[in-house]
Every structure is written in structure tokens, then in C-alpha cells.
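Participant: One structure follows; several queries about it will come next.
Protein chains: 2
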Amino acid sequence: MSSVTIKDVARLAGVSPSTVSRVISNHPKISPATKKKVREAMEALGYHPNIMAQSLVSKNTQTLGLVLPHSAEKIFVNPFFSEVLRGMLAYANIKQYDILMSSANNPKEEIEAVTRMVLGRRIDGIILMAPRQKDPIVEKLLEYQFPFVLLGRSMEHDHVLSVNNDNIKAAYDITNHLIKQGHKRIGFVSGPPDLVVSIDRLEGYKKALLEAGLPVHPDWIIGEDVLQGNAFHALTMIMNSPEPPTAFVVTDDVVAFGLIRELYAAGFHVPQDVSIVSFNNIVLSELSNPPITTVDIGIYHLGYLTVQHLIRKLSGEEIEKPQMIVPHRLIIRESSMKLQ
Amino acid sequence: MSSVTIKDVARLAGVSPSTVSRVISNHPKISPATKKKVREAMEALGYHPNIMAQSLVSKNTQTLGLVLPHSAEKIFVNPFFSEVLRGMLAYANIKQYDILMSSANNPKEEIEAVTRMVLGRRIDGIILMAPRQKDPIVEKLLEYQFPFVLLGRSMEHDHVLSVNNDNIKAAYDITNHLIKQGHKRIGFVSGPPDLVVSIDRLEGYKKALLEAGLPVHPDWIIGEDVLQGNAFHALTMIMNSPEPPTAFVVTDDVVAFGLIRELYAAGFHVPQDVSIVSFNNIVLSELSNPPITTVDIGIYHLGYLTVQHLIRKLSGEEIEKPQMIVPHRLIIRESSMKLQ
DNA sequence: TATCGTAATGCAATCGTTTGCATTTTTTAT
DNA sequence: ATAAAAAATGCAAACGATTGCATTACGATA
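Keeping their order, the protein sequence lines are chains A and B.
Residue 228 in UniProt numbering is what sits at position 228 of the first sequence, and the numbering runs on without skipping anything.
Residue 240 in UniProt numbering is what sits at position 240 of the second sequence, and the numbering runs on without skipping anything.
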């Protein structure tokens with residue numbers, strides 16, 4: 001309701017609007033006396049700067065954009081998302097930034113949303129989640145020369161800001177964990193195949209198998225739609241083959257939940273019949289039955305650092321290393337207990 | 001990079017800036033000829049309106065605020081949150097609104113964040129999640145006469161916009177389900193006690209017990225911090241008493257996960273030894289082992305309607321019924337299978 | 001052809017800030 | 001006491017749009 005402006009404050013304090021403005025921005029050459037006077041007037045009137053007006057002239061909005069991938073349901077329903085967002089907001093909060101979200105139903109809308117935010121000068125920088133192999137949004141932003149950061153990595157440009165895990169290594173490590181447990185037939189459940197993270201994790205898995213002299217069995221690499229009809233069919237096919245896998249590397253904790261459930265329904269027990277390992281270490285993976293062996297990728301931290309990275313860039317800091325890597329670590333739990 | 005304004009377009013199209021503005025807003029009395037000319041110029045220059053400037057004069061930002069409760073970790077790590085946010089964004093997207101988020105570490109920061117958004121005229125309306133019994137933010141917004149909607153309900157003001165479940169009824173229903181299964185000793189695991197939703201669900205639980213002539217045993221009502229040390233202690237105390245509960249109503253699926261896990265660790269099996277029912281029906285509750293009986297509260301829908309409700313209010317529509325109720329339904333699964 | 005009515009456009013003020021430069025005030029040195 | 005330097009403040013022009021009112025253009029009517 002109250003629309004008290006800088007002028008009202010100026011009038012009450014008996015100074016010019018410019019002076020009030022300078023008090024707000026803590027300009028060096030304002031006498032302590034007037035500073036006090038103005039502050040009191042602001043207080044008395046309950047003044048708050050109009051952020052729209054501020055950013056119109058200062059050209060900076062203290063806002064970061066975040067566009068939900070259009071294939072968002074999957075990523076999004078995932079507790080991973082809340083956790084990473086929490087990390088983002090935590091750092092943003094420290095630096096007094098807010099985060100502007102918008103969603104999209106398809107690639108076209110996705111581009112539109114980005115364009116609207118960027119060209120509408122609504123945000124200072126943008127955070128991109130779950131980048132794809134050839135990501136049109138990345139291209140667009142490069143073209144606009146607009147500051148952005150990837151949560152993940154770009155396969156095509158190595159100078160873009162990004163915060164990521166070493167997913168190849170992570171997958172390699174967790175697969176090796178299974179191999180060390182004596183598994184020789186190891187399947188893989190992949191995420192959406194155009195996501196860089198899926199590609200990397202698949203690569204690490206293959207690498208570990210090859211190094212151990214184990215064959216990569218293409219039929220044992222299945223899509224994450226295991227929970228839905230068709231892929232579920234694929235799963236039973238695999239499990240009913242003469243020599244089924246004794247373990248699966250799953251791309252994501254939530255999918256692992258589903259897989260454990262489906263296996264159980266089909267009469268296979270984890271880990272007695274099949275071992276399961278996955279990625280992310282969402283809170284619930286510990287509460288699963290059995291608890292899931294997983295790769296902790298530092299979700300919260302990923303979000304936190306992503307925003308930190310971007311804000312540093314925005315404040316003109318020299319970025320030593322554009323590609324940040326958050327270390328991962330294996331969390332061994334019951335779902336991959338040693339075979340006897 | 002390109003900062004092409006309305007003037008540039010005007011120049012190229014050979015008209016005045018006002019005309020361009022009218023073309024943008026699709027003003028009725030602009031000749032088709034100039035409309036076309038201007039559109040072409042906009043296209044040619046890649047013009048996009050500066051949203052800050054627009055909202056400075058039009059006083060509307062096409063943005064909704066969402067402040068994360070400071071006790072956010074709990075709510076927030078919960079998949080509930082992503083799901084509800086997805087619903088919010090879906091409707092916002094339809095109406096071309098964006099959502100501005102900011103987080104807070106304590107009640108003070110929370111108020112600050114709201115104030116900054118509201119008085120900074122950054123948003124047109126605000127969404128409040130998980131309202132408390134006596135919620136200072138609600139008071140503040142009423143005082144400012146600023147449009148807002150509650151995801152939940154206010155215990156003190158019945159004219160405020162809200163979207164909620166009938167949580168009393170929901171708890172009553174799910175408790176009755178247990179009673180029908182033959183349970184006579186039923187415990188309750190509560191959420192944060194100052195949350196309205198916790199209060200309502202507890203009330204429904206008690207009501208069902210009383211109506212069935214079953215005693216309300218205060219020791220069997222425990223906090224959701226079951227997973228942490230002290231409350232876990234409480235849990236083992238209860239379960240080791242001579243006549244322990246044979247079932248628990250749990251306030252939230254995630255907590256149910258934890259509880260099942262803890263019970264399991266203590267040697268109690270679900271549902272053989274103890275039945276568990278809970279609320280929300282997050283995706284994972286179906287994938288739990290055993291799958292959890294829960295109350296589907298229509299999470300996505302809650303988010304969707306919350307934003308719809310608010311936007312309707314903002315566009316001046318007459319709101320027939322300020323308090324919307326989203327229906328719930330029981331999802332019976334293995335965790336509450338009949339005792340034999 | 002003169003007049004009028006309407007449709008289409010332009011002018012200029014405004015939204016609430018910031019900021020370079022000019023101006024005034026204060027301080028310091030002589 | 002006066003000049004010069006330094007410090008504090010004010011003026012006015014941006015920023016990029018919108019919009020009420022005035023103005024122009026253009027058929028239509030008499």
C-alpha cells in the first residue's frame with residue numbers, strides 16, 4: 001500500500017533525492033550528520049527502495065535465473081532437485097541474490113523462457129541444470145555472451161563455467177566396487193541418453209568392465225524407464241536369461257528404488273540375488289530397505305558452489321579454473337553386500 | 001549484449017516510440033499497416049522489452065514470490081516440495097508468471113526477505129508454504145494489504161486465500177483404516193508442532209481414537225525427529241514397553257521411511273509386527289519396501305491450484321470461496337496389511 | 001469544396017532510481 | 001582574513017518503457 005519514495009524521504013530529511021540515494025548506497029562522501037538524518041527519515045517513513053527502478057538504471061538485478069529442464073518431471077520429482085536448490089539458495093542468500101524460476105513444457109518454451117529472462121534484462125546470470133550433449137541453450141547464451149553456469153559440464157565448450165562431479169571416475173569407482181565384490185556380470189540402468197551425466201556414467205562403467213577384462217553386454221544396458229511397462233519387460237527378459245547379471249549399476253537413487261522394488265516383485269532379492277549400486281546419495285537412499293550403496297556426489301554442495309561460481313564471475317572476479325569438480329565418495333551399504 | 005530499445009525499433013519503423021509500445025501491448029487503434037511495419041522492425045533488431053522498465057511504469061511484475069520456510073531443510077529435502085513447486089510453476093507458466101524464490105535462515109531473515117520482495121515491489125503476490133499457528137508473516141502481509149495465498153490454512157483468519165487439504169478428516173480417515181484393520185493400540189508420529197498441518201493431523205487422529213473408544217496414549221505421540229538420537233530413544237522405549245502399539249500414523253512419507261528403517265533395525269517388521277500409515281503419497285512411497293499406505297493429498301494439484309487461486313485474485317476476479325480444499329484419498333498398500 | 005467525425009499517430013510527462021558534473025560549504029594553509 | 005583545496009550536496013539527465021491528451025490524416029457527408 002505505502003508507496004514512499006526517495007523523494008518523500010528527501011523532503012522529510014531536508015535534503016535532495018541524490019543525497020538519499022547516496023546514503024542508501026553508502027557513498028563515501030556523505031557527512032555522518034546527514035547520513036543519520038536520512039536514515040531516521042527512512043525509518044520514520046518505512047522506506048524501501050523500489051528494486052525495479054534501481055535495476056533499471058543500475059543494470060543489475062541481484063537475481064539469478066533458473067530454468068527447469070522441460071523433461072523436468074523426472075529430474076524434478078527427484079529429491080536431488082530440492083537438495084541442490086537448497087544449496088543454491090543458501091549461497092544466493094548470503095550474497096543477497098534471489099532466484100527466478102520458470103518452467104517449460106518443451107524445448108521451444110525452454111528457449112523462450114531463457115530469452116525472456118535474458119533479453120528482458122531480468123536477471124544477471126543464469127543457472128543451467130542437466131545439460132545435454134548438444135545443448136541449444138548453451139549455444140544461445142554463448143551467442144548472447146550472457147553469463148551462465150552449468151550444473152554439469154559441456155561436452156563442446158571447455159571454457160564455460162561449470163560445477164560438476166567427475167562422473168566418469170565416479171561410475172568407474174562404483175563399478176569397481178562391484179567387481180571387487182566378485183561380480184562378473186554387471187548390468188547398467190541409464191538415465192536419459194542425451195544428458196551428459198548419463199553419457200559420462202555409462203563411460204565410466206564401461207571403462208571399469210574393460211579394464212577388468214569383463215565383457216560389455218549391450219543387452220544389459222537398459223533405460224531408466226525400468227519402472228514403466230516396456231523397459232520393465234526388458235528387465236524380466238534379462239533376469240530370466242540363463243546367466244543373468246548379479247549386479248546393476250543404476251544411474252540414480254530413485255531409479256534404484258524402483259528397480260529394487262521390481263526385482264523384488266519378480267522374486268529377486270537385493271542383495272542376496274542381485275546387488276544394486278547407484279548415484280547421488282539422496283537422504284532416502286539410506287532409509288531404503290535394504291539401504292542403497294551409492295556415490296555421494298555432494299548434492300547440496302553442488303548447488304552451493306554453482307551459485308558461488310556464477311556470482312564470482314558476475315562480480316568480475318578472475319576465474320582461475322572455469323570447471324569446478326566436486327569430489328565424490330562411495331557410500332557402501334547393504335544393497336551391495338559381499339557375495340558368499 | 002544487444003541493448004535494443006523501443007526507440008531503435010521506432011526509428012527503424014519510422015514511427016514514434018509510443019506507437020511501438022502500442023503495438024507491443026496490442027492496442028486496438030493501430031493500423032494493420034504500421035503494426036506490420038513495427039513487427040518487422042522488432043524482428044529485424046531482435047527487440048525484447050525491458051521488463052524492469054515495463055514494470056516500473058505498469059506496476060506489475062508478472063512475478064510471484066515464494067519464501068522458503070527457515071526450517072526449510074526438513075520440508076525442503078522432502079520430495080513433497082519439488083512436486084508442489086512443479087505444480088506451481090506449471091500454472092505460473094500458463095499465465096506467463098515467474099516465481100521468485102529466496103531463502104532464510106531464521107524467522108528474522110524470513111520477514112526481511114518478504115519485506116524486501118513486497119516493499120521493493122518486486123512481485124505481485126506471494127505464496128506462503130507451511131503456515132504456522134500464529135504466523136508473523138501472515139500478520140505482516142495483512143498489514144501491508146498485500147495479496148498472498150497460503151498453501152495450508154490460517155488458524156486465525158478465515159478470509160485469507162488458501163489452498164489446503166482437509167487434514168483433520170484425512171488423519172481421521174487413515175486412523176480409521178487402521179482401526180478397521182483391528183488395531184487398538186495406535187501411535188502417532190508428529191511433524192513440527194507449530195505447523196498448522198501437524199496440529200490438524202493430530203486432531204484427526206485423536207478424534208478417530210476417541211470415537212472408537214480407544215484411549216489416547218500421550219506417550220505414543222512422538223516427534224518426527226524419530227530418526228535422530230533422542231526421539232529414537234523414545235521409540236525404543238515405546239516398543240519395549242509391555243504392550244507396545246501395533247500401528248503408527250506418521251505425519252509424512254519420508255518420516256515413515258525412517259521409521260520403518262528404525263523399527264527394522266530394532267527387530268520389528270512392517271507390517272507383520274507393526275503397521276505404518278502416513279501422508280502425502282510421494283512417488284517413493286510406492287517404491288518403499290514394503291510400499292507405504294498413505295493419504296494422497298494431490299501434491300502437484302495443491303501447487304497448481306495455489307498459484308491459480310492467487311493469480312485469479314490478482315487479476316481482480318471475484319473469489320467466491322477463499323478457502324479451497326483439495327480432496328484426499330487413501331492409498332492402501334502393504335505397510336498396513338491386515339493382521340491375521 | 002468545405003466541414004466534420006473518426007481513426008491513427010505523436011508529444012511529453014511519468015514511474016523511482018542513479019550519477020557525472022556543477023555548486024556550495026567547510027576546512028586548511030598562508 | 002583570504003585564497004585555495006577538499007568535502008558535501010544538489011541539479012538534471014539518464015534508464016526504457018507506458019499513457020492521457022493533443023494533433024494529424026483521411027474518408028465521408030452535405
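Beta carbons are placed, not taken as given, at the ideal position from N, Cα and C, and that holds for glycine.
Just so you know, these numbers come straight off a predicted model, no measurement behind them.
Look at B:P17 and B:K29 and say whether their C-beta atoms are less than 7 Å apart.
Facilitator: Here residue 17 of chain B refers to the residue found at position 17 of the second sequence. Here residue 29 of chain B refers to the residue found at position 29 of the second sequence. Their beta carbons are not under 7 Å apart, which means B:P17 does not touch B:K29 by this criterion.
Participant: Please report the distance separating the alpha-carbon of B:P215 from that of B:V295.
Facilitator: Here residue 215 of chain B refers to the residue found at position 215 of the second sequence. Here residue 295 of chain B refers to the residue found at position 295 of the second sequence. So the alpha carbons of these two residues sit roughly 23 Å apart.
Participant: Quick one, are the C-beta atoms of B:M337 and B:P271 less than 7 Å apart?
Facilitator: Against the second sequence, residue 337 of chain B aligns to sequence position 337. Against the second sequence, residue 271 of chain B aligns to sequence position 271. Taking 7 Å as the Cβ cut-off, B:M337 and B:P271 qualify as a contacting pair.
Participant: Closest to A:Y97 by CA distance: which of B:Q308, B:A113, B:A266 is it?
Facilitator: By one-based count along the first sequence, residue 97 of chain A stands at place 97. The shortest Cα separation from A:Y97 among B:Q308, B:A113, B:A266 belongs to B:A113.
Participant: Using a Cβ cut-off of 7 Å (strictly closer), state whether B:P107 contacts chain A.
Facilitator: Translated into the one-based positions of the second sequence, residue 107 of chain B becomes position 107. Chain A contact via Cβ: absent.
Participant: Kindly indicate which three-state DSSP category A:T63 falls into: helix, strand or coil?
Facilitator: Stepping through the first sequence from its first residue, residue 63 of chain A is reached at position 63. Residue state, collapsed to three classes: strand.
Participant: Ordered along the chain, which non-local residues of its own chain (more than five positions away) have a Cβ less than 8 Å from that of B:S190?
Facilitator: In the second sequence, residue 190 of chain B corresponds to position 190, counting from 1. Only S198, R201, L202, I221, I222, G223, E224, T251 meet the Cβ criterion.
Participant: Listed from N- to C-terminal order along the chain, which residues in the segment 90 to 121 of chain A have their beta-carbon within a distance smaller than 9 Å of any beta-carbon of chain B?
Facilitator: Taking 9 Å as the Cβ-Cβ cut-off against chain B, the residues of the segment 90 to 121 of chain A that qualify are A90, A92, N93, Q96, Y97, D98, I99, L100, M101, S102, S103, A104, N105, E109, A113, T115, R116, M117, V118, L119, G120, R121.
Participant: Under the DSSP definition of a beta bridge, which residues are partnered with B:S154?
Facilitator: Residue mapping note: residue 154 of chain B aligns to position 154 of the second sequence, counting from 1. Paired residues: none, contrary to the question.
Participant: Please list the partners that B:N50 has in chain A, where partner means a Cβ-to-Cβ separation under 8 Å.
Facilitator: Mapped onto the second sequence, residue 50 of chain B falls at position 50. Ordered by position in chain A, the residues that pass the 8 Å Cβ test against B:N50 are L56, G120, R121.
Participant: Go ahead and pull the three-state DSSP assignment for B:S82.
Facilitator: The count along the second sequence starts at 1 and reaches residue 82 of chain B at position 82. Correct three-state label for B:S82: helix.
Participant: Within 7 Å of any Cβ in chain B, is that where the Cβ of A:N60 sits?
Facilitator: Counting from 1 along the first sequence, the entry for residue 60 of chain A is found at position 60. Not closer than 7 Å to any Cβ of chain B, the Cβ of A:N60 fails to qualify, so no.
Participant: Roughly how many angstroms lie between the CA atoms of B:V138 and A:N240, to the nearest whole one?
Facilitator: Residue mapping note: residue 138 of chain B aligns to position 138 of the second sequence, counting from 1. Residue mapping note: residue 240 of chain A aligns to position 240 of the first sequence, counting from 1. Their Cα atoms are separated by approximately 59 Å.
Participant: Since A:Y264 meets chain B, which of its residues come closer than 8 Å, beta carbon to beta carbon?
Facilitator: Reading the first sequence from its first residue, position 264 is the one you call residue 264 of chain A. Chain B residues near A:Y264: N289.
Participant: Note the first and the last residue of the continuous alpha helix (DSSP H) segment covering A:F257.
Facilitator: Here residue 257 of chain A refers to the residue found at position 257 of the first sequence. Where A:F257 is concerned, the enclosing alpha helix (DSSP H) stretches over 253 to 265.
Participant: If we ignore side chains and look at the alpha-carbon of each, how far apart do A:Q181 and A:A256 end up?
Facilitator: Counting from 1 along the first sequence, the entry for residue 181 of chain A is found at position 181. Counting from 1 along the first sequence, the entry for residue 256 of chain A is found at position 256. Spanning the two alpha carbons is a distance of roughly 19 Å.
Participant: With A:V38 as the anchor, note down where its alpha helix (DSSP H) starts and where it stops.
Facilitator: As a first step, residue 38 of chain A must be located in the first sequence, where it is residue number 38. Looking at the DSSP string, the run of the alpha helix (DSSP H) that includes A:V38 is 32 to 45.
Participant: Given this structure, state the Cα-to-Cα distance separating A:I276 from A:G298, to the nearest angstrom.
Facilitator: Walking along the first sequence from the start, residue 276 of chain A turns up at place 276. Walking along the first sequence from the start, residue 298 of chain A turns up at place 298. Spanning the two alpha carbons is a distance of roughly 20 Å.
Participant: Mapping DSSP to helix, strand and coil, what is B:I99?
Facilitator: Counting from 1 along the second sequence, the entry for residue 99 of chain B is found at position 99. Of the three classes helix, strand and coil, the one that applies to B:I99 here is strand, per DSSP.
Participant: Leaving aside the five residues before and after residue 342 of chain A along the sequence, list all residues of the same chain whose C-beta is less than 7 Å from its C-beta, in chain order.
Facilitator: Since the first residue of chain A shown is 1 and the last is 340, residue 342 of chain A is not available in this structure.
Participant: Check the Cβ of residue 345 of chain A against every Cβ in chain B and list those closer than 8 Å, keeping chain order.
Facilitator: The structure shown does not extend to residue 345 of chain A, since chain A is modelled only from 1 to 340, so the question has no answer here.
Participant: With which residues is A:T115 paired in a DSSP beta bridge?
Facilitator: In the first sequence, the residue the question calls residue 115 of chain A occupies position 115. Answer is none; A:T115 lacks a bridge partner.
Participant: Can you tell me whether B:P327 is buried or exposed, with buried defined as 16 or more other CB within 10 angstroms of its CB?
Facilitator: The residue you call residue 327 of chain B lines up with position 327 of the second sequence. By the 10 Å Cβ count, B:P327 comes out exposed.
Participant: Just mark B:M1 as buried or exposed, buried being the case when its beta carbon has 16 or more other beta carbons within 10 Å.
Facilitator: In the second sequence, residue 1 of chain B corresponds to position 1, counting from 1. Confidence at B:M1 is low in this model, with a pLDDT of 49, below 50, so its placement is unreliable and the value that follows should be read with caution. So B:M1 ends up on the exposed side.
Participant: For A:L151 and B:F80, I'd like the C-alpha separation in whole angstroms.
Facilitator: Indexing the first sequence from 1 puts residue 151 of chain A at position 151. Indexing the second sequence from 1 puts residue 80 of chain B at position 80. A:L151 and B:F80: Cα-Cα distance of roughly 23 Å.
Participant: Quick test of your reading: B:V274 and B:F188, contact by CB under 8 Å. State the CB separation rounded to the nearest angstrom.
Facilitator: Here residue 274 of chain B refers to the residue found at position 274 when the second sequence is read from its first residue. Here residue 188 of chain B refers to the residue found at position 188 when the second sequence is read from its first residue. 13 Å between Cβ atoms; not a contact.
Participant: What are the boundary residues of the alpha helix (DSSP H) that A:L210 is part of?
Facilitator: Reading the first sequence from its first residue, position 210 is the one you call residue 210 of chain A. It spans 196 to 211 - the alpha helix (DSSP H) in which A:L210 sits, taken as one unbroken run.
Participant: Does A:M1 have its Cβ less than 7 Å from a Cβ in chain B?
Facilitator: The residue you call residue 1 of chain A lines up with position 1 of the first sequence. In this predicted model, A:M1 has a pLDDT of only 49, less than 50, meaning its place in the structure is not dependable; the value taken from the coordinates is given anyway. Yes - at least one Cβ of chain B is within 7 Å of the one on A:M1.
Participant: With 7 Å as the threshold, decide whether the Cβ of A:T5 is near any Cβ in chain B.
Facilitator: Working through the first sequence from its first residue, we reach residue 5 of chain A at position 5. No - not a single Cβ of chain B is within 7 Å of the one on A:T5.
Participant: Anyone know if the C-beta pair for A:L64 and A:I111 falls short of 7 Å?
Facilitator: Position 64 of the first sequence holds residue 64 of chain A. Position 111 of the first sequence holds residue 111 of chain A. Cβ atoms of A:L64 and A:I111: not closer than 7 Å.
Participant: Quick one: is A:R329 buried, meaning 16 or more other Cβ sit within 10 Å of its Cβ, or exposed?
Facilitator: Reading the first sequence from its first residue, position 329 is the one you call residue 329 of chain A. Classification of A:R329: exposed, given that the 10 Å Cβ count is below 16.
Participant: Counting only beta-carbon atoms, is A:A208 nearer than 7 Å to chain B?
Facilitator: Residue 208 of chain A sits at position 208 when you count from the first residue of the first sequence. Closer than 7 Å: no.
Participant: Comparing alpha-carbon positions, which option in B:L161, B:L287, B:I331 lies nearest A:G258?
Facilitator: The sequence position of residue 258 of chain A within the first sequence is 258, counting from 1. When each option's Cα is compared against that of A:G258, the closest is B:L287.
Participant: Along chain B, in chain order, which residues have C-beta atoms closer than 7 Å to that of A:L68?
Facilitator: For the purposes of this step, residue 68 of chain A is taken as the residue at position 68 of the first sequence. Simply L89.
Participant: Closest to A:V149 by C-alpha separation, out of A:K140, A:M129, A:R122, would be which residue?
Facilitator: In the first sequence, the residue the question calls residue 149 of chain A occupies position 149. Per the Cα distances, A:M129.
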